[in-house]
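In this note's numbering, the protein residues as written are 32 to 255.
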């Protein structure tokens, strides 16, 4: 009889524990040693110091616990990440793991974006050169009117003014595309490096640090 009572007590205890787990309001999301995100009801002690998130069953982030830092880190000049920084890094990591499965996919996306910028630069550069050729023709026409003592037609003056504005716009576009190309290269180089860390991929010593780009470093002069 006592045997059955003990068995019943054990069963009730196990049932109670299962109920507590099932009714747990929160889950924990952390990153294991392989760099993979793990969602569970508990966190192994060795991963607590690495930081984690407390999330609801609906996926809402309720709390972000940042990685623990060495007390002497600030004195040594090491940056201390805020909970917002940690959350943003987790979001970026999730995006990378969701969007890419191979390093080559990141490099392909990188190259496509750079190629698109290159095409836009080529078109703008070509239009700029044509614009300057037309401006030169208009200046010759205006000079000819002045040589024969006639006033320069207002339509020609207006056309010359419009060309000047178009040239300024084209120069600004080229400068913006240059800045955008540099930002794209920096961003995708970071994506590649971070993805390799998450996947545990060792970088090759002889691999290039960035992909080539043909975006010009300077705006062409009037003599080009």
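Even for Gly, the Cβ is constructed at its ideal location relative to N, Cα and C.
Computed from a predicted structure; not experimentally measured.
Counted as a single uninterrupted DSSP element, the beta strand (DSSP E) harbouring residue 87 occupies residues 83-87. Around residue 176, the same chain offers 183 as residues with beta carbons nearer than 6 Å, after the five sequence neighbours per side are excluded. Cβ atoms of residue 214 and residue 162 stay farther apart than 8 Å, at about 27 Å.
In the structure shown, residue 132 falls within a coil segment according to DSSP collapsed to helix, strand and coil. Judged by their CB atoms, residue 196 and residue 127 are not nearer to each other than the 7 Å cut-off. Bridge pairing for residue 71: 59 [DSSP]. Looking from the CA of residue 136, the closest CA among 229, 223, 79 belongs to 223. For residue 183, the three-state secondary structure derived from DSSP is coil.
Annotation: residue 219 to residue 86 spans about 29 Å, alpha carbon to alpha carbon.
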